[in-house]
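*Asks:* One point on numbering: in the working numbering, the residue at position 28 of the sequence shown is 411, and numbering is uninterrupted.
Glycine included, each C-beta is placed from N, C-alpha and C at the ideal position.
Since we're looking at a predicted model, the values are computed, not measured.
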Amino acid sequence: MEPVYRTIIGLARTVFFVQGLKFTVKGAEHIPPTGGAVIAVNHTGYMDFTYAGLPVRKPKRYVRFMAKKEVFDNKISGPIMRALKHIPVDRAAGADSYKAAVDYLRRGELVGVYPEATISRSFEIKEFKSGAARMAIEAGVPIIPIVIWGAQRVWTKGFPKRLGRTNTPISIMVGEPIQPYEPAADLTAELRTTMQRMLLEVQNGYDHEPGAYWVPARLGGSAPTLEQADAMDAAEAAEKAARRAASTD
384 MEPVYRTIIG LARTVFFVQG LKFTVKGAEH IPPTGGAVIA VNHTGYMDFT YAGLPVRKPK
444 RYVRFMAKKE VFDNKISGPI MRALKHIPVD RAAGADSYKA AVDYLRRGEL VGVYPEATIS
504 RSFEIKEFKS GAARMAIEAG VPIIPIVIWG AQRVWTKGFP KRLGRTNTPI SIMVGEPIQP
564 YEPAADLTAE LRTTMQRMLL EVQNGYDHEP GAYWVPARLG GSAPTLEQAD AMDAAEAAEK
624 AARRAASTD
């Protein structure tokens, strides 16, 4: 029993109802009823993790998400994240968070990760980090791919949040478990290919507004291409590194 987590889920569902969000969930039967698994989620918006928790409620399970340390440092969100047993990630020193995630998996928990690491400005699937694959291999558990589409319309990087009643449709697809195998690079490549295929399937059944910021360029939207988005991310990372170096000096 996890009264805090159940309470938070209840509050979240109330918020979803007030917002008028319209969820379509496919493949929830792929969530294992017991045992550890890595839940790999694509990353298009700040609310992805709240929506990714919906399919796992069918077998009445909970996900421990890996999230950046700054969220845990916040005086409001920090206590909640710790109470829900999520895992803080210090990007400058990630060994401890990786170990904690593997320990959770070995104890039979579901651990949620974003293989892309950061929000995709193009809303396409970015290159993947190998952490999800390495954790699955070390813990001996499957990876469950989840693709979410429409979350970027609620709140994404570089655009105002839309947390009022928007009646936004959000599609969620859960893929079949991918059993772990080595090398991690091959497993990572299979995971990315699988999630790319799932995203295309979800997008095919979604109504896209021509020219909208939340629609990929490939589908007639004004979002940057994957290559343009990668260049924007690289420039932002360089700027942050320069600021850190200046503050150290």
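Is S346 buried or exposed, if buried means 16 or more other CB atoms sit within 10 Å of its CB?
*Replies:* Not covered by the structure: residue 346. The range shown for the chain is 384 to 632.
*Asks:* With distances taken from CA atoms, which of W538, T631, L546 is nearest H426?
*Replies:* The shortest C-alpha separation from H426 is found at W538.
*Asks:* With distances taken Cα to Cα, identify the nearest neighbour of V408 among P415, V439, G604.
*Replies:* That would be V439, whose Cα lies nearest to the Cα of V408.
*Asks:* In angstroms with no decimal places, state the Cα-to-Cα distance between K458 and G523.
*Replies:* Approximately 36 Å between the Cα atoms of the pair.
*Asks:* Report all residues from its chain with a CB closer than 7 Å to the CB of Y434; omit the five preceding and five following residues, and keep chain order.
*Replies:* Cβ within range, chain order: I531, A534, I553, I555.
*Asks:* Using a 10 Å radius around the Cβ and a threshold of 16 neighbouring Cβ atoms, would you call A484 buried or exposed?
*Replies:* Answer is buried; the Cβ neighbour count reaches 16.
*Asks:* Among Y429, M464, R444, which one has its Cα closest to the Cα of H413?
*Replies:* Nearest option by C-alpha distance: R444.
*Asks:* The beta strand (DSSP E) spanning S554 covers which residue range?
*Replies:* Here the beta strand (DSSP E) through S554 covers 552-557.
*Asks:* Which stretch, first to last residue, makes up the alpha helix (DSSP H) that contains L609?
*Replies:* Looking at the DSSP string, the run of the alpha helix (DSSP H) that includes L609 is 609-631.
*Asks:* Note down the Cα distance separating L570 from Y497, rounded to an integer number of angstroms.
*Replies:* So the two alpha carbons sit approximately 15 Å from each other.
*Asks:* Going along the chain, which unbroken runs of the beta strand (DSSP E) with 3 or more residues stay wholly within the stretch 388-413?
*Replies:* Runs of the beta strand (DSSP E) inside the stretch 388-413: 405-409.
*Asks:* Give the DSSP-derived three-state secondary structure of I463 in the structure shown.
*Replies:* The answer is helix: DSSP assigns I463 an H, G or I state.
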